[in-house]
Each structure stands twice: as C-alpha cells, then as structure tokens.
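**Student:**
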Amino acid sequence: DVPKIFVITPTYARLVQKAELTRLSHTFLHVPQLHWIVVEDAPQPTPLVTDFLAASGLTYTHLHKLTPKDRKLQEGDPSWLKPRGAEQRNEGLRWLREMGAAAKGKEAAGLEEAVVYFADDDNTYSLQLFEEMRYTYRVSVWPVGLVGGMKFERPVVEDGKVVRFHTGWRPNRPFPIDMAGFAVSLRLVLTNPQARFDGDAQMGFLESSFLQNLVTMDDLEPKADLCTKVLVWHTRTEKPKMKREDALQKQGLGSDPDVEV
Ligand code: UDP
Ligand code: MN
C-alpha cells in the first residue's frame, strides 16, 4: 500500500459549512489511502457534520474542540486578530499521538510512512497535491496560490534546497509559509510530542510556532517540481447575504428551519 495521508480539517458552523465540506469531501474521495480527521469548533459534535461524515464514503475520525471564548474572533474583529483553527488542529494532533501510541504490529508499521496535512475547509486542493506530499520524510513544502495578498507564495529552491521564501510580508518569520503549504511526516509528529500550534501566536506566526519545533529550513523537502507549480489555492468563500431571508423572517415567512442547508 502507498503511505497513508492523515488530513486534519478544523471546521465551524456557518451558512456555507455543508457546501464547503461537500466540496472538500469530493476532492478527498479521489485520493487513495486518505484518512480525514474533522475537528469541529463546537462544544459537542453537531448533527450536520455527524450525518454528513456518515454519508461521505470517506474514512474519517470526527472530533470536536471548542475554541475558548477569549481566543475566538468576535463579529466585527479584523480577521487577522487571532489565529483560527489552532485548538482544533492541536486536537487532531492529540488524536494522532494517542492512535500512534496504541497501534501495534502491522497497523503500527503502516503508520511509519504516513504523512499529516492541515487542510482548511475553504481552500481548493488539486489531486496532484496529495501525490506530491505522500512521500514525506520530514516536512514537504510547495507553493500556495492566492494567499498573503499575492498571486502565490512559495519556497525558493536553489540546487534542490529551500534557501528562502517568496512572500510579500515579513520574510524573516521562521517559516513564512501558509498552513496549506506544508505536510509533516507522522513519525515526526509522534517523536516530537511537544510540537503544537500556539493559539496565542501573533499574526502570521501560527505555522512557525508548530514547524520551528520540528525542522530547520535545511530539512525542507521541496515538492511540486521544485516549488514551481501551484497545486493548492487559499480561496475564501464569500459570506452569503441574508437580506431577503431576514425580511421574510420578520413576517413569519422565513425559510423552513427544518431544512438543512
Ligand atoms: N475555523 C474554526 N473556527 C473558527 C474560525 C475558523 O474552526 O472560529 C476553521 C475554518 O473552518 C478553517 C480554518 O479554521 O478550516 C481556518 O479558518 P479561515 O478559513 O476562516 O481562515 P483564513 O483562511 O481566513 O486564514
Ligand atoms: Mn480560509
């Protein structure tokens, strides 16, 4: 069998959630040996995600971890104020470590080559991306499109090594690389139990807070034709307008709340 890919996705309830998860699941259904770890930002698993996953046809683990109120972005806060999804990604890592510690024999052997990827629910992923990351010794890296106010950001490769990063902002961060731009070997996650995302990290330092405890720039494995191809896009979904819904609701004519959207 080819190495397994564990994909950790933080997700939270909002109008577009089911649409995002549908799109994502349809990508993942085309990827062999993918195990989806969905971590809801919720006090308990929601029926929407529970039913969705059961019908998805994917191999999955359904977790939940509520972001504490003081860590959560409030309505009207600028989007860069606090990192999103940090607690949920850490919960995914916790589950992987627990699973890794309990695995025995053939199952444990199968995990030695596995890789971990953090896939937000709103990005766009090409199928080729998963084949690029599948064989990862420590940390694989590649370009990310439509991110950071740029057409793309990417590691710059010279003589087969990452030597710096093409980014529009604070290039001297330890790892100026978007969440979608790297994958880590499960072995590295399991042998470095302290490595986690710092939910208090300042803007743009969340990825660094995790990676700096695992690798140096010298260790990075450039993928996607030496980081010359964009295979993942940091797309963001527009918040749907509910102007007419709200107006109708005032007259008692809102859309039936029993219909799941
Ligand atoms: N997310 C979450 N709780 C929140 C906000 C976001 O779990 O309160 C998840 C979201 O579903 C996504 C990830 O965290 O998978 C990153 O969030 P978002 O896409 O909003 O961040 P951005 O793309 O703006 O950096
Ligand atoms: Mn996003």
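Here UniProt numbering is used: the first residue of the sequence shown is 70, the next is one more, and so on.
All C-beta atoms in this analysis are idealised placements derived from N, C-alpha and C, irrespective of residue type, glycine included.
Keep in mind it's a predicted model, so treat the numbers as computed, not measured.
Cα-Cα, which of Pro79, Gln102, Glu156, Asp139 is closest to Leu264?
**Tutor:** Note on identity: in this sequence residue 264 is Ala, with Leu being the wrong assignment. Nearest C-alpha to Ala264: Glu156.
**Student:** Kindly indicate which three-state DSSP category Met311 falls into: helix, strand or coil?
**Tutor:** If DSSP states are grouped into helix, strand and coil, Met311 belongs with coil.
**Student:** Go ahead and label Gln271 buried or exposed: buried means 16 or more other beta carbons lie within 10 angstroms of its beta carbon, across all protein chains shown.
**Tutor:** Gln271 should be labelled exposed.
**Student:** Within a Cβ cutoff of 6 Å, which residues of the same chain sit near Tyr194, ignoring the five residues on either side of it in sequence?
**Tutor:** Around Tyr194: Thr96, Val301.
**Student:** Can you name the start and end residues of the beta strand (DSSP E) that Met219 belongs to?
**Tutor:** It spans 219-227 - the beta strand (DSSP E) in which Met219 sits, taken as one unbroken run.
**Student:** So, under 8 Å CB-CB, Gly237 and Gly250 are touching, yes? Tell me the CB distance rounded to an integer number of Å.
**Tutor:** Their Cβ separation, rounded to whole angstroms, is 14 Å, which puts Gly237 and Gly250 out of contact at 8 Å.
**Student:** In terms of alpha-carbon separation, which member of Val71, Leu90, Leu122, Leu162 lies closest to Asn192?
**Tutor:** Per the Cα distances, Leu90.
**Student:** Less than 8 Å between the CB atoms is what I'm expecting for Val216 and Leu280, so what's the real figure, rounded?
**Tutor:** With 8 Å as the limit, Val216 and Leu280 do not qualify as a contact, their Cβ atoms being about 16 Å apart.
**Student:** Helix, strand or coil for His99? Go by DSSP, reduced to three states.
**Tutor:** His99: coil per DSSP, three-state reduction.
**Student:** Can you grab the Cα-Cα spacing for the pair Leu127 / Leu98, in whole Å?
**Tutor:** In a straight line, the C-alpha of Leu127 is about 6 Å away from that of Leu98.
**Student:** Can you list, in chain order, the residues of its chain whose CB lies under 6 Å from that of Val226, leaving out five sequence neighbours each side?
**Tutor:** Excluding residues within five positions, the ones whose Cβ falls inside 6 Å are Pro291, Leu295, Cys296.
**Student:** Looking at Ala172: is its Cβ nearer than 8 Å to the Cβ of Leu180?
**Tutor:** Yes, the Cβ-Cβ distance between Ala172 and Leu180 is below 8 Å.
**Student:** Can we count Arg305 as close to ligand 2, meaning its CB is less than 7 Å from some heavy atom?
**Tutor:** Arg305: yes, Cβ under 7 Å from ligand 2.
**Student:** Does the stretch 128-139 touch the stretch 102-111, meaning 3 or more C-beta pairs lie closer than 8 Å?
**Tutor:** Yes, they touch.
**Student:** If you follow the beta strand (DSSP E) that Ser209 is part of, which residue opens it and which one closes it?
**Tutor:** Its beta strand (DSSP E) spans residues 208-210.
**Student:** Who are Ala183's beta bridge partners in DSSP?
**Tutor:** Note: Ala183 sits in no beta bridge, so no partner.
**Student:** Between Asp139 and Asp228, what straight-line distance do the alpha-carbon atoms span, to the nearest angstrom?
**Tutor:** One C-alpha to the other measures close to 46 Å.
**Student:** In whole angstroms, what separates the C-alpha of Leu117 from that of Pro137?
**Tutor:** Taking the straight line joining both Cα atoms gives about 22 Å.
**Student:** Would DSSP call Ser254 helix, strand or coil?
**Tutor:** Three-state DSSP puts Ser254 in a strand.
**Student:** For the beta strand (DSSP E) that contains Leu198, what are its first and last residues?
**Tutor:** No beta strand (DSSP E) holds Leu198; the alpha helix (DSSP H) holding it covers 196-203.
**Student:** Per DSSP, what kind of secondary structure is Lys230 in: helix, strand or coil?
**Tutor:** If DSSP states are grouped into helix, strand and coil, Lys230 belongs with the strands.
**Student:** Which of the three DSSP states, helix, strand or coil, is assigned to Trp302?
**Tutor:** Residue state, collapsed to three classes: strand.
**Student:** My output table needs one value for Gly174: the three-state DSSP class, helix, strand or coil.
**Tutor:** The answer is helix: DSSP assigns Gly174 an H, G or I state.
**Student:** Keeping to the same chain, check which residues put their C-beta closer than 7 Å to that of Leu122; ignore five residues upstream and five downstream.
**Tutor:** Val107, Tyr129, His131.
**Student:** Taking buried to mean at least 16 other C-beta atoms within 10 Å of its own C-beta, is Gly214 buried or exposed?
**Tutor:** That one is buried.
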